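Visitor: Below is a structure I'd like to ask you about.
What follows is the structure, given as structure tokens:
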């Protein structure tokens with residue numbers, strides 16, 4: 004549910020210590036505070052005009068905010084008064100995390116990591132082992148912590164920061180265009196220059212796979228842990244039956260860019276793309292059949308719920324529906340001319356599509372009626388994934404992730420450690436999701452809210 008912040012500034016970070024008490028930070032030293040779960044937000048005097056980028060509260064009273072030029076602010080009374088602390092650096096600080104009142108870390112540009120064990124009375128610089136900017140941090144107890152940053156950087160400590168060890172995140176800096184999980188653990192992401200990444204541990208680690216193409220891959224769909232299809236530029240279609248150990252090219256019969264693919268099972272699938280291209284297979288891609296008659300617009304999203312039923316979305320608000328396995332695609336009334344990017348159905352009747360200018364449309368009757376929902380953002384929404392009729396997530400440009408637990412009656416914005424554009428999202432449960440995007444970004448959600 005959208006809340007009134009009282010500002011039009013970008014809000015860069017938020018921290019809640021319990022269900023009621025939270026704070027958010029922004030440009031020009033702005034700090035806003037709530038004590039009623041966000042029903043009301045009140046501006047506080049920070050004593051600085053520096054941009055603030057990170058905030059961490061451990062209880063209703065004790066909190067720390069960080070920002071540009073090494074700014075660190077501390078409160079012990081819920082923000083009634085904020086005091087400056089000496090950071091010992093002029094580097095921008097992007098993130099901060101406290102595990103209790105005394106123990107915290109702050110991270111920032113050029114690999115900066117600062118550590119305190121006395122509530123910030125002293126901040127000690129630690130060697131991170133990287134010169135990449137660090138944008139987010141998490142401290143657990145007094146010894147365990149991790150920081151993440153640009154170019155897929157992850158550094159980890161188990162000894163309070165005496166030693167920070169680099170960990171592998173995504174094995175690419177190329178942008179990722181789509182992601183598909185067949186279950187909680189097994190997922191595949193695809194992207195620029197034929198990139199394919201695979202995980203078997205819910206996204207904790209990703210391994211590069213050989214695609215044998217340099218064409219950008221724009222869509223991927225797995226029907227089980229072993230069986231999947233990827234599509235991309237110039238009519239590229241690749242198929243695996245062994246979890247990606249081997250990807251075999253298939254003949255698409257088109258040179259058009261294919262932007263999305265979805266399979267209802269191992270055999271029945273649809274790929275869509277440039278200029279109204281629709282391809283359907285009933286034999287796992289051994290044969291792809293072109294289906295004419297679609298409007299000449301980019302078709303960018305497809306969702307197949309079973310062997311006969313599917314929905315396609317695309318430019319200028321186009322929505323197409325089949326109930327006969329794709330022999331005929333019937334145009335539905337979307338009520339918009341905005342471009343639609345992706346669509347997700349959980350059964351033959353219940354689906355959601357997203358697109359330009361924050362548009363969200365919902366149907367519960369197989370698309371006979373599409374009803375607008377409030378996204379709370381005017382930005383481009385690029386991906387949507389539902390695990391059941393109620394639980395779903397949306398991603399978009401500038402790191403946008405929205406989540407619903409009530410079928411979209413309320414969409415809640417989630418805090419992400421990036422402002423990079425996110426391309427696609429895949430959900431594997433009511434609380435679990437993975438989003439991919441620019442520069443090899445992969446973000447995994449496991450928290451329960």
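Residue numbers (the numbering used here): 4 to 452.
Note that CB positions come from ideal geometry on N, CA and C, so glycine has one too.
Please read all numbers here as calculations on a predicted model, not as lab measurements.
1) Once DSSP output is grouped into helix, strand and coil, what is the label at residue 417?
2) Roughly how far, in whole angstroms, is the beta-carbon of residue 140 from the beta-carbon of residue 99, given that I think they are within contact range, below 8 angstroms?
3) Using alpha carbons as the reference points, say which of 54, 398, 228, 422 lies closest to residue 414.
4) Just the C-alpha distance for residue 95 and residue 71, rounded to the nearest angstrom, thanks.
5) If you draw a straight line from the C-alpha of residue 59 to the C-alpha of residue 126, how long is it?
6) Would you report the Cα separation of residue 325 and residue 331, rounded to the nearest angstrom?
7) Among the residues of its own chain, which have a CB less than 6 angstroms from the CB of residue 430, if the five just before and after it don't count?
8) Identify the residues that DSSP records as bridge partners of residue 454: which are they?
9) Restricting to Cα atoms, I'd like to know which of 354, 406, 342, 448 is closest to residue 383.
10) Which residue from 276, 245, 267 puts its Cα closest to that of residue 3?
11) Considering only residues of the same chain and omitting the five flanking positions on each side of residue 380, which have a CB-CB separation below 8 angstroms?
12) How close, in whole Å, do the beta carbons of residue 180 and residue 426 come, if the pair is a contact with beta carbons under 8 angstroms?
13) Taking the alpha-carbon of residue 206 as reference, which of 213, 194, 186 has the nearest alpha-carbon?
14) Going straight from the alpha carbon of residue 378 to that of residue 339, what length do you get?
15) Pull up the distance between the alpha-carbon of residue 241 and that of residue 234, whole angstroms please.
16) If contacts are defined as beta-carbon pairs under 8 angstroms, then residue 316 and residue 356 qualify, I think. What distance do you get, rounded to the angstrom?
17) Quick check on the burial criterion: 16 or more other C-beta atoms within 10 angstroms. Buried or exposed for residue 281?
18) Beta-carbon within less than 6 angstroms of residue 109's beta-carbon, same chain only, minus the 5 sequence neighbours each way: which residues are those?
19) Find the nearest neighbour of residue 421 within the set 182, 442, 309, 352, judged by alpha-carbon distance.
20) Among residues of its own chain, excluding the 5 on either side of residue 78, which ones have a beta-carbon nearer than 6 angstroms to its beta-carbon?
21) Using the three-state DSSP reduction, which class does residue 181 fall into: helix, strand or coil?
22) For residue 335 versus residue 279, is the C-beta spacing smaller than 8 angstroms?
23) Can you look up residue 443 in the DSSP assignment and give me helix, strand or coil?
24) Report the residue from 13, 62, 327 whose alpha carbon sits nearest the alpha carbon of residue 37.
25) Does residue 89 come out as helix, strand or coil in the three-state DSSP assignment?
26) Go ahead and label residue 22 buried or exposed: buried means 16 or more other beta carbons lie within 10 angstroms of its beta carbon, across all protein chains shown.
27) To which residues of the same chain is residue 321 closer than 6 angstroms at the C-beta, ignoring the five residues directly before and after it?
28) Run through DSSP, which three-state label would residue 171 get?
29) Could you give the residue range of the beta strand (DSSP E) that holds residue 376?
30) Could you spell out where the beta strand (DSSP E) holding residue 282 opens and where it closes?
31) Just verifying my parser: in three-state terms, what is the DSSP assignment at residue 237?
32) For chain C, find out if any of its Cβ atoms is closer than 8 angstroms to the Cβ of residue 110; answer yes or no.
Guide: So, from the data block:
1) coil
2) 7 angstroms
3) It is 398.
4) 4 angstroms
5) 16 angstroms
6) Straight-line spacing of the CA atoms in residue 325 and residue 331 works out to 6 angstroms.
7) Same-chain partners within the cutoff: 388, 390, 396, 436.
8) This structure cannot speak to residue 454, because the chain is shown only from 4 to 452.
9) Of 354, 406, 342, 448, the smallest CA-CA separation from residue 383 is found for 342.
10) As shown, the chain starts at 4 and ends at 452. That puts residue 3 outside it, with no answer to give.
11) 361, 399, 403, 405, 416
12) 5 angstroms
13) 186
14) 15 angstroms
15) 6 angstroms
16) 5 angstroms
17) buried
18) 69, 96, 99, 117
19) 442
20) 66, 85
21) In the structure shown, residue 181 sits in a strand (DSSP, three-state: E or B).
22) no
23) helix
24) 62
25) coil
26) Burial is judged here by how many other beta carbons sit within 10 angstroms of a residue's own beta carbon; residue 22 has fewer than 16 and is exposed.
27) 298, 300
28) Low per-residue confidence applies at residue 171: pLDDT is 48, beneath 50, and the placement is therefore not dependable enough to give any value.
29) 374-376
30) Where residue 282 is concerned, the enclosing beta strand (DSSP E) stretches over 281-284.
31) Secondary structure of residue 237 (DSSP, three-state): helix.
32) Any reference to chain C falls outside this structure, which holds one protein chain only.
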